[in-house]
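Below is one structure, written out as structure tokens; comments come after it.
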Amino acid sequence: MSNLNQFAQKLSADAALLEAYKKDPQGVMQANGLTAEEIKLVMAGDMAALKAHFGDDAYQSFVVVHHHSD
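Quick note, the sequence shown lines up with residues 0 to 69 if you use numbering that gives the first Met the number 0.
Laid out in structure tokens, this is it:
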């Protein structure tokens, strides 16, 4: 499993990590061992590029539900 997949799973299960990610996504990804290329792919938000890089068999979807309390 790639660092990116491991990070995505960790992000979906760790509320504190998610809050930190919302404030500084690049810093949190870097601190969690993602490569500069992986970070660039995530920040670009290009799902086709992510699938092309990791392959369809490694592709997973994660849904993060965020409730704003204003």
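We put the CB at the ideal spot given by N, CA and C, even for glycine.
These figures come from a predicted structure and were not determined experimentally.
Stretch-stretch touch, CB-based, cutoff 8 angstroms, three pairs: the stretch 18-35 with the stretch 44-51: Touching, no.
In whole angstroms, give me the CA-to-CA distance for F6 and I38. Translated into positions along the sequence shown, residue 6 becomes position 7. Translated into positions along the sequence shown, residue 38 becomes position 39. F6 and I38 have their alpha carbons spaced roughly 11 angstroms apart.
Q: Taking only the alpha-carbon atoms, compute the straight-line gap between L33 and L3 and give it to the nearest angstrom.
A: Taking the sequence shown and counting its residues from 1, one reaches residue 33 at position 34. Taking the sequence shown and counting its residues from 1, one reaches residue 3 at position 4. For L33 and L3, the gap between their C-alpha atoms comes out near 6 angstroms.
To which residues of the same chain is Y20 closer than 7 angstroms at the C-beta, ignoring the five residues directly before and after it?
Mapped onto the sequence shown, residue 20 falls at position 21. The beta carbon of Y20 sits closer than 7 angstroms to the beta carbons of L10, V27 from its chain, once the five residues preceding and following it are set aside; these are given in chain order.
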